[in-house]
Amino acid sequence: MGDLYPNTRAHTLFEYGNRVGIFRVLQALDRHNLVATVAANADACERYPFLVDEFARRGYEFAAHGKSAANMITSRMNEQDQRAHIARSVETVARATGQRPRGWVSQDYGESTRTPAHLAEAGLTYVADWGNDDQPYLLRTTPPLVCIPNQADWDDVQLSWHRQIALPAYRDTVCEAFDVLYEEAERSSVFFGLHLHPWFIGWPHRIGYLEAALEKIALKSSVWQTTACNVADHCGKTLLGEAR
Amino acid sequence: MTERRRGIDHEHYWHSPKPSRDAWRLPNGARVAFCVFVYF
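Going down the list, the sequences are from chains A and B. Residue numbers for the first sequence follow my numbering, beginning at 1 and rising by one. Residue numbers for the second sequence follow my numbering, beginning at 1001 and rising by one.
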């Protein structure tokens, strides 16, 4: 078949999220008065000012998310290019949203071993890429960067797109993970991040499963629904000195 | 090209098994910090 260019199938599938799916996701979040952290790539911020306004008027926070969905940081890039990638991503989001991002979510989890150091050097406060915990912790960077867990096991795309887990199981996974963490948190509080991709979960046959999971979470008391920045600030006060 | 390291042999990482930590407390006695991430 050769290369498909333009790849209309893939591009229009992703574009569905920005034209249609996002509004179902926003409606679901609004119904429960949930604020979100937007992992915003630079190109998306420049191309979709209408959506930037929709996020901003809801008080959402913007985290930098690389230059575009097709660019990730890798160890194949030299350090100068990695720093430039981070700087351009942060500056573009700041210019487009009027809000300088304080956090970073890598495109496709793409980091080099130097990325945490570069993010700290660029003045960012947190990074939400690593899946090795259910509590935030401090990385040994200068200054210490807050590592917000990225719990990809109940990420909509990781679970139901890449791993082809049926949507009822997506809903159940979110609810069961939340229930277990909630019980464990009697001794020590935990973090629960729900990662949503409007191009996937925003379709009419999928949105109901997100709604059902949010309904169940909403029944719990003692939940601090907040943005990643607020969690990072709290960690700065409570965890400082633990990056040994 | 940066040298590849084994596993999580990473200069910024430190191993801290959960039972070894002090309890982490959220504002107002919350058990869970719940964040929604929307990818854009």
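Glycine is no exception: its CB is placed at the ideal position from the N, C-alpha and C atoms.
Strand pairing of residue i, partner residues [DSSP]
| i | result |
| --- | --- |
| A:His-195 | B:Phe-1037 |
| A:Gln-225 | B:Phe-1034 |
| A:Cys-147 | A:Val-127 and A:Tyr-137 |
| A:Gly-103 | A:Tyr-126 |
| A:Val-190 | B:Val-1032 |
Opening and closing residue of the beta strand (DSSP E) in which residue i lies
| i | result |
| --- | --- |
| A:Phe-61 | Before going further, note that residue 61 of chain A is Glu rather than Phe in the sequence given. Per DSSP, A:Glu-61 belongs to the beta strand (DSSP E) from 61-64. |
| A:Gln-27 | It is not in any beta strand (DSSP E) - A:Gln-27 instead sits in the alpha helix (DSSP H) that spans 22-31. |
| A:Val-38 | 36-40 |
Extent of the continuous alpha helix (DSSP H) to which residue i belongs
| i | result |
| --- | --- |
| A:Val-52 | 49-57 |
| A:Leu-214 | 207-218 |
| A:Thr-173 | 167-184 |
| A:Ala-87 | 79-97 |
| A:Tyr-16 | 8-16 |
| A:His-118 | 115-121 |
CB-CB length for residue i against residue j, believed under 8 Å
| i | j | result |
| --- | --- | --- |
| A:His-197 | B:Tyr-1013 | At roughly 27 Å, the Cβ-Cβ gap does not stay under 8 Å, so A:His-197 and B:Tyr-1013 are not in contact. |
| A:Arg-102 | A:Thr-125 | 4 Å |
| A:Ser-106 | A:Asp-134 | The pair is not a contact, with the Cβ atoms about 19 Å apart (cut-off 8 Å). |
| A:Phe-246 | A:Asp-172 | Residue 246 of chain A lies beyond the range of chain A shown here (1 to 244); nothing can be said about it. |
| A:Thr-227 | A:Glu-61 | 4 Å |
Just by C-beta distance, which residues in the region 134-145 of chain A are closer than 7 Å to chain B?
Gln-135, Tyr-137, Leu-139, Arg-140 and Thr-141
With 8 Å as the limit, tell me which residues of the region 178-195 of chain A have their beta carbon closer than that to any beta carbon of chain B; keep them in chain order.
Phe-178, Leu-181, Tyr-182, Ala-185, Glu-186, Arg-187, Ser-188, Ser-189, Val-190, Phe-191, Phe-192, Gly-193, Leu-194 and His-195
Residues of the region 33-60 of chain A with Cβ closer than 8 Å to any Cβ of chain B, in chain order
Leu-34, Val-35, Ala-36, Thr-37, Val-38, Ala-39, Ala-40, Asn-41, Ala-44, Cys-45, Tyr-48, Leu-51, Phe-55 and Tyr-60
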